[in-house]
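Going by the UniProt record's numbering, the sequence shown opens with residue 1, and the numbers climb by one from there. Here's the structure we're looking at; comments come further down.
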Amino acid sequence: MAQVTTIEITQALNNLKGNNPEAVFTESLSVFLKLITNIISSPHDERFKVIKKNNKTIAEKWVPCHGIEDLARLVGYESTDDSNLIFSGEIGRLSLLKTSIEAVISEEAKKKSSRMAVPSNQGSQAKLDSQEHTESSKSIPKSSPEPPTKTKEPQTKTKEPETKKEETKKEETKKAPETSKPPTKKPIEIKPVATAEPDYKLEWSGSSYSGPIKDGWFEGRGRFRFPSGVVYEGDFHKGEFHGKGTLIFPNGGKYKASWNRGKAVDGEYEYYDGLIYDSQNWNYCQIPDRRFYTEIKEGLRPAGATLIVNDPKGPKAMVPGTYDVGEGYYDMNKNMIYNYEEEELGPPEDSDLRDILEKYRYNPANL
1 MAQVTTIEIT
11 QALNNLKGNN
21 PEAVFTESLS
31 VFLKLITNII
41 SSPHDERFKV
51 IKKNNKTIAE
61 KWVPCHGIED
71 LARLVGYEST
81 DDSNLIFSGE
91 IGRLSLLKTS
101 IEAVISEEAK
111 KKSSRMAVPS
121 NQGSQAKLDS
131 QEHTESSKSI
141 PKSSPEPPTK
151 TKEPQTKTKE
161 PETKKEETKK
171 EETKKAPETS
181 KPPTKKPIEI
191 KPVATAEPDY
201 KLEWSGSSYS
211 GPIKDGWFEG
221 RGRFRFPSGV
231 VYEGDFHKGE
241 FHGKGTLIFP
251 NGGKYKASWN
261 RGKAVDGEYE
271 YYDGLIYDSQ
281 NWNYCQIPDR
291 RFYTEIKEGL
301 RPAGATLIVN
311 DPKGPKAMVP
321 GTYDVGEGYY
331 DMNKNMIYNY
341 EEEELGPPED
351 SDLRDILEKY
361 RYNPANL
């Protein structure tokens with residue numbers, strides 16, 4: 001299966017946005033984000049890999065978005081005989097999609113907040129954001145074989161600091177002879193800035209960059225932060241991930257890969273505890289050795305202190321009167337599964353409900 005680039009995912013999201021009402025677009029992305037987050041969090045739980053289109057939430061909030069199934073197939077979902085979709089691709093694809101969706105949702109929320117706060121400026125602000133992005137694209141010659149990605153700061157923004165830096169350097173150079181003490185630092189040379197290392201904020205996406213800039217491009221070893229909190233640390237070339245680099249997720253997981261013009265050529269996902277994900281030869285927490293990776297590294301605990309989850313801190317606190325389902329908890333009164341951020345993940349399937357009630361850990365309600 002061919003690799004998918006960030007550019008392809010971005011283009012697909014732009015097509016979705018253009019072909020659907022705003023409410024349908026954002027609602028479907030919110031549902032999709034929960035679905036792929038479940039897979040990333042529990043990659044071996046086959047339940048999360050199936051999108052059942054007859055599910056009430058999916059049917060009402062995900063299916064109506066025109067083109068959403070094409071986006072799903074782009075990242076590794078395939079249709080089954082009963083018209084459902086099942087994920088059979090690489091986790092790295094979902095990680096890229098998750099980052100892109102979180103950026104889009106964050107941007108849409110900012111625009112909505114801006115429209116509510118300053119109604120009279122909503123048209124001009126939207127036009128300004130569009131012009132800023134368009135100006136950035138037009139500044140690249142059409143003959144360039146390597147078009148910029150959204151990680152590139154608009155040309156008009158990156159060139160302004162160069163003039164200001166030169167003026168500052170000239171002033172500092174003029175002031176230097178006035179002091180009687182020898183300078184503690186090397187004299188500043190007035191020459192064209194080939195690289196610089198300030199922080200750049202990309203207003204249109206909410207992202208930021210720290211690292212070298214060359215000819216208006218992110219170039220060399222740098223650090224790019226997405227609005228979702230995901231951070232890329234590694235090599236850049238002409239504004240794209242290129243070379244060795246790592247995506248660092250807020251949960252502590254890392255996707256280490258070799259990149260070619262924004263596309264991950266090869267890579268591996270490392271969980272927060274150091275365990276490497278392997279889709280072929282996975283021998284972790286399976287019969288006959290059912291130890292967690294933490295127990296493999298640090299040894300088994302004594303009786304009475306056995307780990308329930310792969311975390312020395314123990315499982316997260318459960319809401320009284322609910323069942324522990326791993327990625328969250330099940331509230332029987334509401335017939336709903338929630339994550340630990342209290343977001344709805346959806347009701348359990350009938351086939352899973354009996355297992356939850358009979359086999360899963362239960363936290364009794366306070367009497």
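By construction, the Cβ of each residue, glycine as well, lies at the ideal position given by its N, Cα and C atoms.
Cβ-Cβ separation, residue j to residue i (assumed contact under 8 Å), whole Å
{"i": "K31", "j": "I58", "result": "It is worth fixing the name first, because residue 31 is Val in this sequence and not Lys. Right, their Cβ atoms sit about 7 Å apart."}
{"i": "V230", "j": "L202", "result": "14 Å between Cβ atoms; not a contact."}
{"i": "G253", "j": "Y232", "result": "Their Cβ separation, rounded to whole angstroms, is 14 Å, which puts G253 and Y232 out of contact at 8 Å."}
{"i": "Y323", "j": "Y330", "result": "4 Å"}
CB of residue i within 9 Å of CB of residue j, strictly
{"i": "K56", "j": "P347", "result": "yes"}
{"i": "S41", "j": "E327", "result": "yes"}
{"i": "K263", "j": "T6", "result": "yes"}
{"i": "G211", "j": "P227", "result": "no"}
{"i": "E107", "j": "W204", "result": "yes"}
{"i": "K98", "j": "T26", "result": "no"}
Residue closest to residue i, alpha-carbon to alpha-carbon, out of the options
{"i": "R261", "options": "F241, G274, F249, S279", "result": "F241"}
{"i": "V325", "options": "V4, F48, A12, S28", "result": "F48"}
{"i": "I39", "options": "F224, A109, V75, R354", "result": "V75"}
{"i": "K238", "options": "F249, N251, P250, R221", "result": "R221"}
{"i": "S88", "options": "Q280, I213, Y338", "result": "Q280"}
{"i": "D273", "options": "S258, T80, E295", "result": "E295"}
{"i": "Y271", "options": "E22, P43, M318", "result": "P43"}
{"i": "R93", "options": "D266, I287, D350", "result": "D266"}
{"i": "E46", "options": "N363, D352, P364, Y362", "result": "D352"}
{"i": "Y362", "options": "T80, V319, E219", "result": "V319"}
The alpha helix (DSSP H) enclosing residue i, as first and last residue numbers
{"i": "A23", "result": "22 to 41"}
{"i": "L300", "result": "Note, L300: premise wrong, no alpha helix (DSSP H); not H, not E."}
{"i": "R225", "result": "Element bounds for R225: not the alpha helix (DSSP H) but the beta strand (DSSP E), 220 to 225."}
{"i": "E358", "result": "350 to 359"}
{"i": "L275", "result": "Here L275 belongs to no alpha helix (DSSP H), and DSSP marks it neither H nor E."}
{"i": "I287", "result": "Neither: I287 is in no alpha helix (DSSP H) and is coded neither H nor E."}
{"i": "E69", "result": "68 to 74"}
Span separating the alpha-carbon of residue i from that of residue j
{"i": "N20", "j": "H66", "result": "6 Å"}
{"i": "L357", "j": "G321", "result": "12 Å"}
{"i": "I91", "j": "N333", "result": "34 Å"}
{"i": "V50", "j": "N15", "result": "24 Å"}
{"i": "Y77", "j": "W217", "result": "34 Å"}
{"i": "V104", "j": "L29", "result": "9 Å"}
{"i": "T158", "j": "Y200", "result": "Caution is warranted here: a pLDDT of 40 is assigned to T158, below 50, making its placement in the model unreliable, and no coordinate value can be reported."}
{"i": "S130", "j": "Y360", "result": "The predicted position of S130 is uncertain, since its pLDDT is 38 and thus under 50; a value taken from the coordinates is nonetheless stated next. Taking the straight line joining both Cα atoms gives about 51 Å."}
{"i": "E8", "j": "N54", "result": "28 Å"}
{"i": "S208", "j": "R225", "result": "5 Å"}
{"i": "F249", "j": "E343", "result": "19 Å"}
{"i": "N84", "j": "F236", "result": "39 Å"}
{"i": "V63", "j": "E69", "result": "8 Å"}
{"i": "K150", "j": "Q3", "result": "Low confidence applies to K150: its pLDDT is 41, below 50, so where it sits in the model is not reliable, and the reading given next is rough at best. Their backbone Cα atoms lie some 19 Å apart in a straight line."}
{"i": "E60", "j": "Y277", "result": "34 Å"}
{"i": "A72", "j": "A12", "result": "10 Å"}
{"i": "N251", "j": "K214", "result": "33 Å"}
{"i": "G234", "j": "G243", "result": "7 Å"}
{"i": "L300", "j": "R291", "result": "8 Å"}
{"i": "R223", "j": "K17", "result": "28 Å"}
{"i": "E22", "j": "A109", "result": "11 Å"}
{"i": "R354", "j": "M336", "result": "14 Å"}
{"i": "T350", "j": "L275", "result": "Before going further, note that residue 350 is Asp rather than Thr in the sequence given. For D350 and L275, the distance between alpha carbons rounds to 33 Å."}
{"i": "A257", "j": "P288", "result": "32 Å"}
{"i": "S100", "j": "W282", "result": "28 Å"}
{"i": "G79", "j": "K52", "result": "The displayed chain sequence assigns Ser, not Gly, to residue 79. Each residue's alpha carbon lies about 11 Å from the other."}
{"i": "K111", "j": "Y255", "result": "30 Å"}
{"i": "W259", "j": "E219", "result": "14 Å"}
Range covered by the beta strand (DSSP E) that runs through residue i
{"i": "I9", "result": "No beta strand (DSSP E) contains I9, which is instead part of the alpha helix (DSSP H) from 6 to 19."}
{"i": "E344", "result": "344 to 346"}
{"i": "H44", "result": "From DSSP, H44 is part of no beta strand (DSSP E); its letter is neither H nor E."}
{"i": "residue 374", "result": "Nothing can be reported for residue 374, as the shown portion of the chain is limited to 1 through 367."}
{"i": "D331", "result": "328 to 331"}
{"i": "N260", "result": "254 to 260"}
{"i": "N54", "result": "Per DSSP, N54 belongs to no beta strand (DSSP E) and is neither H nor E."}
{"i": "M336", "result": "336 to 339"}
{"i": "K201", "result": "199 to 202"}
{"i": "D324", "result": "322 to 324"}
{"i": "Y271", "result": "Segment: none, Y271 is in no beta strand (DSSP E) and carries neither H nor E."}
{"i": "S208", "result": "207 to 210"}
{"i": "K49", "result": "Run containing K49: none; DSSP gives neither H nor E here."}
{"i": "V319", "result": "Neither: V319 is in no beta strand (DSSP E) and is coded neither H nor E."}
{"i": "S79", "result": "77 to 79"}
Cβ-heavy atom distance, residue i to the ligand FMN, below 8 Å
{"i": "G243", "result": "Judged by which ligands are present, the structure shown has none, so any question about the ligand FMN falls away."}
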